[in-house]
Each structure stands twice: as C-alpha cells, then as structure tokens.
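Down below is the structure, laid out as structure tokens.
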Amino acid sequence: MLISKELNQAMNNQIGSELGASNQYIKIAAYFENENLPDLAAFFFRQSDEERMHAMKFVHYILEAGGEVSIPAIGATAAGIQTAEEAVQMALDWEMEVTRQINALMDLAIKQSDHIGQSFLQWFVTEQLEEVSTMDQLLGVVKRAGEQLLFVEQYVGRLGAAQAGGAPA
Ligand SMILES: [Fe+2]
Ligand SMILES: [Fe+2]
Numbered sequence: 009m010l011i012s013k014e015l016n017q018a019m020n021n022q023i024g025s026e027l028g029a030s031n032q033y034i035k036i037a038a039y040f041e042n043e044n045l046p047d048l049a050a051f052f053f054r055q056s057d058e059e060r061m062h063a064m065k066f067v068h069y070i071l072e073a074g075g076e077v078s079i080p081a082i083g084a085t086a087a088g089i090q091t092a093e094e095a096v097q098m099a100l101d102w103e104m105e106v107t108r109q110i111n112a113l114m115d116l117a118i119k120q121s122d123h124i125g126q127s128f129l130q131w132f133v134t135e136q137l138e139e140v141s142t143m144d145q146l147l148g149v150v151k152r153a154g155e156q157l158l159f160v161e162q163y164v165g166r167l168g169a170a171q172a173g174g175a176p177a
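Sequence positions in the sequence shown follow our numbering and run 9 to 177.
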C-alpha cells in the first residue's frame with residue numbers, strides 16, 4: 009500500500025474535519041436563510057457542498073492508495089449564531105484551523121518522503137489560500153456593511169455569479 013498507517017489515520021481525521029465543516033456551513037446557511045438573506049444562505053450552502061467534496065477527495069485518495077477509510081464522530085454544530093459577523097468570523101476561524109490541519113498532513117507526508125501524498129495534498133494547500141482569503145474578504149465586507157446587510161447580499165450574489173461563470177470557487 010502507498011500510504012502509511014499514520015498518514016491514513018490522519019487523513020481519516022481530516023475526513024471528519026471536512027464533514028464537520030460541511031455541517032457548520034449548513035448551520036450558517038440556515039442562519040442567513042432565517043434572516044431572509046438568501047444570497048448569503050446560498051453562498052454557505054455552496055461552501056457546505058464544497059467541504060463534502062473535500063472529504064470525498066480524501067476518501068478516494070485513501071482508497072486508491074490502498075488504505076482504509078474510517079470516519080470519526082462529528083460534533084454538533086455551534087449553537088446560537090447571533091449576528092452575521094459572528095457567523096462569518098466562525099467560518100474564518102474554521103478555515104484557519106483547517107489550514108493548520110492540512111499543513112500538519114503535509115508535514116507528515118514530507119517527513120515520510122511520501123511524494124505521492126505530497127502531490128495529493130498540494131491541491132488542499134492551494135485551496136486553503138482561496139478559502140481563507142474568501143472568508144477574510146467576506147468578513148471585511150460584513151463589518152463595513154454593519155446593519156446594511158443587503159450590501160453583503162449584492163457582494164455574495166456577484167461572487168456566486170462569478171463562480172457559476174467558471175471562475176475558481
Ligand atoms: Fe475543506
Ligand atoms: Fe473550506
């Protein structure tokens with residue numbers, strides 16, 4: 009098999025993190041839907057789908073490399089989101105945490121001279137730059153908008169149109 013037990017275990021944990029993120033983003037989307045902010049809701053539903061896709065990338069990689077998939081318990085989503093700023097801050101904190109996790113996976117693959125693993129993980133390293141910067145910008149827009157969240161709706165609406173148009177998600 010092309011994957012060490014240790015990296016296999018760490019990637020299984022990452023599947024849990026990605027699915028956990030997917031659930032968190034459903035929760036955030038639901039908050040925005042309840043606040044009658046459909047573009048923000050749609051944005052986070054899309055993010056949720058993306059996180060599931062990330063989890064599935066790990067699943068398929070582990071299988072291809074001859075490892076064993078096991079999925080850890082996934083915690084309940086954060087309760088009681090009060091404001092848009094809090095919701096987006098939570099998403100940004102989560103992306104920063106995932107970035108640390110991906111870096112740790114890469115460190116392990118490097119330590120083990122697992123070049124195939126490194127090449128697989130490189131996609132996630134690049135993806136995290138995108139994810140963190142998207143959330144960071146969104147947080148900036150939300151803070152600037154204050155109570156005027158309809159401006160944020162326009163912003164994520166445009167973002168959604170750009171993504172649908174084939175720009176990087
Ligand atoms: Fe992810
Ligand atoms: Fe993400």
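Cβ coordinates follow ideal geometry from the N, Cα and C atoms, glycine included.
This one's a predicted model, so the numbers in the text were calculated from it and none came from an experiment.
Distance cut-off 7 angstroms: residue i Cβ against heavy atoms of ligand 1
| i | result |
| --- | --- |
| residue 68 | no |
Reduced DSSP category for residue i - H, G, I as helix; E, B as strand; rest coil
| i | result |
| --- | --- |
| residue 85 | coil |
| residue 107 | helix |
| residue 35 | helix |
| residue 177 | With a pLDDT of 48 at residue 177, under the threshold of 50, the modelled position of this residue cannot be trusted; read the value that follows with caution. In the structure shown, residue 177 sits in coil (DSSP, three-state: anything other than H, G, I, E or B). |
| residue 45 | coil |
| residue 118 | helix |
| residue 76 | coil |
| residue 71 | helix |
| residue 134 | helix |
| residue 165 | helix |
| residue 23 | helix |
| residue 145 | helix |
| residue 98 | helix |
Cβ-heavy atom distance, residue i to ligand 2, below 7 angstroms
| i | result |
| --- | --- |
| residue 3 | Because the chain in this structure spans residues 9 to 177, residue 3 falls outside the shown range and cannot be described. |
| residue 139 | yes |
Presumed contact (8 angstroms Cβ cut-off) between residue i and residue j, rounded CB distance
| i | j | result |
| --- | --- | --- |
| residue 16 | residue 88 | Wrong, their Cβ atoms sit about 36 angstroms apart, outside the cutoff. |
| residue 95 | residue 36 | 5 angstroms |
| residue 47 | residue 173 | Not quite, the Cβ-Cβ distance comes to about 16 angstroms (not below 8 angstroms), so this is no contact. |
| residue 143 | residue 100 | 4 angstroms |
| residue 23 | residue 125 | Incorrect: roughly 15 angstroms between the Cβ atoms, too far for contact. |
| residue 56 | residue 34 | 5 angstroms |
| residue 51 | residue 168 | 6 angstroms |
| residue 49 | residue 58 | Actually they are not in contact, since the Cβ atoms of residue 49 and residue 58 sit about 15 angstroms apart, beyond 8 angstroms. |
| residue 157 | residue 71 | Not confirmed; about 43 angstroms, so no contact. |
| residue 137 | residue 14 | The pair is not a contact, with the Cβ atoms about 26 angstroms apart (cut-off 8 angstroms). |
Beta-carbon gap between residue i and residue j smaller than 8 angstroms
| i | j | result |
| --- | --- | --- |
| residue 102 | residue 171 | no |
| residue 63 | residue 26 | yes |
| residue 106 | residue 29 | yes |
| residue 86 | residue 98 | yes |
| residue 150 | residue 160 | yes |
| residue 66 | residue 19 | yes |
| residue 69 | residue 128 | yes |
Residue i: CB within 7 angstroms of a non-hydrogen atom of ligand 3
| i | result |
| --- | --- |
| residue 22 | Summarising the ligand content, the structure contains ligand 1 and ligand 2 and does not contain ligand 3. |
Quick check on the contact list: which residues have their beta carbon closer than 6 angstroms to a heavy atom of ligand 1? The set, ordered by position in the chain, is 26, 29, 59, 62, 106.
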